[in-house]
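Written out below as structure tokens is the structure these notes cover.
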Amino acid sequence: MLKHLWNRRPPRLTALFLTSTLALLLADSIAAALAWPSVPIPKDAVAHAVGDQMTVNGIPLRVQGFFAKTTQGETANWFRQRLGKPVVENKLGSAIVLGRAEGQHYITVRLSPEPHGTSGIVTIAHLHAAYYSRDTKKAATERLLSRLPPGSELVTELQSTDGGKQSRYYVLSNTYHEDVNRDRILELMREDGLALRFQAKAPEATLQRGVTQLSNGTVFIFNGDSKEAIAVIGRDTTGRTVVQVNVINDMASYK
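When the count follows my numbering, it moves up by one through the sequence shown with no breaks and lands on 1281 for the last residue.
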């Protein structure tokens, strides 16, 4: 009976039915491919947010931190049993780093020993998205470098969205004098609607705590309409000039 009714369907209706079904199946497949994997943390661990959305050097990331009362070894065993196989394991200083590929993503768990337990960072990288957005990332990097002294290098770039704020942090390096970089950063900020509000020498102790250790650094603070920025210019251990910039936008201004 069902076969008889199917054969009586008008050709257009049959084609529409098949097209709709294929579209739904394709949509489900795409949704599954784009879904971020979930990584559990120990039951008694205390989680803390690192960033709602984050992109580091063009790679979309989801990052969560936690603190567990168990030892580093116990916590590592807990994750080994739940991440699945194969798991890549490395030591980074005193930290244990576990890694595993899952579909289009790569999961990393970094576990550091603490006096009363273990601090951990779970990072999920969307490698597939990074690959397909590489041309867009390259164009954005070229636009930024075109506004800076010739020969400047983009060392690292981090973009994040958290608590209604959008942040873009980047580190640049070149061989020009600090004054040349200062003038260019001031001009770049003016072009982006940010005015210099404060400038001062940075304490050496503060410069040494950064990701890139600097000396003879100067801090610049800027303000604009629903945005602010801070820049630090100094010299690294090789003598190259390093420029660290963090621009924060209030996302409410985009609505």
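Note that the Cβ used here is the ideal one computed from N, Cα and C, for glycine as well.
Using a Cβ distance threshold of 7 angstroms, V1197 and V1181 count as a contacting pair. Taking a contact to require three or more Cβ pairs closer than 8 angstroms, the segment 1165 to 1180 and the segment 1143 to 1150 do not qualify as touching.
Going by DSSP, R1208 is part of the alpha helix (DSSP H) stretching over E1204 to E1217. Here F1248 has M1215, L1220, A1221, L1222, R1223, E1254, A1255, I1256 and A1257 as same chain residues with Cβ atoms under 8 angstroms from its own Cβ, once five neighbours each way along the sequence are excluded. Around the beta carbon of G1143, 16 or more other beta carbons lie within 10 angstroms, which makes this residue buried. Restricting attention to beta strand (DSSP E) runs no shorter than 3 residues, the segment 1123 to 1179 encloses them at 1131 to 1140 and 1143 to 1152, ordered along the chain. Annotated as distal: P1066 and H1152, with beta-carbon spacing of 7 angstroms or more. Secondary structure of N1083 (DSSP, three-state): coil. Looking at the DSSP output, T1187 shares a beta bridge with Q1079 and Q1192. Boundaries of the beta strand (DSSP E) around R1223: L1220 to K1227. In the DSSP secondary-structure assignment, Q1107 is not bridged to any residue. In the DSSP assignment, T1267 forms a beta bridge with N1200 and R1261. In the displayed model, A1102 falls within a helix according to three-state DSSP. One thing to note: S1120 has its Cβ within 7 angstroms of the Cβ of P1139. In this structure A1073 touches Q1090 by the C-beta definition: roughly 6 angstroms separates them, less than 8 angstroms.
Taking 7 angstroms as the cut-off, the Cβ atoms of H1131 and P1063 count as close. Excluding sequence positions up to five before and after L1171, its CB lies within less than 6 angstroms of the CB of S1178, all in the same chain and listed in chain order. Cβ contact annotation for L1137 (same chain, cutoff 8 angstroms, sequence separation greater than five): Q1098, T1101, A1102, F1105, A1121, I1122, V1123, L1124, T1144, S1145 and G1146, in chain order. Just measuring C-alpha positions, the residue of R1108, E1128, S1199 and T1134 sitting nearest K1117 is T1134. Check the Cα spacing between S1199 and each of D1188, V1113 and D1262: the tightest is with D1262. For I1274, the beta-bridge partners assigned by DSSP are S1193 and E1254. The three-state reading of DSSP puts G1119 in coil, since its state is none of H, G, I, E or B. Counting the other CB atoms within 10 Å of its CB gives N1275 a total of 16 or more, which places it among the buried residues. Taking 7 angstroms as the cut-off, the Cβ atoms of Q1192 and T1081 do not count as close.
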